[in-house]
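The structure appears right after this line, and notes come after that.
As structure tokens, then:
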């Protein structure tokens, strides 16, 4: 592995049930346990899957035409089995429209292939989930 391949965020507790994630560029995102406002970690996970595919599909289609509508929904069922929590039946559903004309026709024509290519090859988030990549955890002494 190289230093160029490393991706990292830092998560800090900012209050009861509240956390802020900071990326290497200094951008922040606040989230929580769901007892207050904001996104939960599970919702952020679903947003990451959707956001990754959305970016891939947008790059492929918007070069031909700007969409007149572009949204997607990511669903999954939270289940508890054998004493642990996980999501099942993850699904990403795109709703995309393009203007009439040659560019819109090209964008519409490649949309299914762009969605499939994102899922099968490009989206790092969903590819990682489907590969079943292990997550290692450790405790570092804070002093």
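In the numbering used here, the protein residues as written are 8 to 150. We put the beta carbon where it would ideally sit given N, CA and C, even for glycine. The structure displayed is predicted, hence computed values, not measured ones.
Best match in the options for proximity to residue i [C-alpha to C-alpha]
| i | options | result |
| --- | --- | --- |
| residue 78 | 12, 139, 54 | 54 |
| residue 60 | 73, 49, 142, 81 | 81 |
| residue 72 | 130, 114, 92 | 114 |
| residue 105 | 120, 69, 35, 134 | 69 |
| residue 16 | 35, 141, 56 | 35 |
| residue 13 | 20, 94, 23, 30 | 30 |
Status (buried if at least 16 other CB within 10 Å, exposed otherwise) for residue i
| i | result |
| --- | --- |
| residue 62 | exposed |
| residue 10 | exposed |
| residue 139 | exposed |
| residue 42 | exposed |
| residue 86 | exposed |
| residue 147 | exposed |
| residue 122 | buried |
| residue 44 | exposed |
Per DSSP, the bridge partner or partners of residue i
| i | result |
| --- | --- |
| residue 85 | 94 |
| residue 78 | 102 |
| residue 47 | According to DSSP, residue 47 bridges with nothing at all. |
| residue 22 | 25 |
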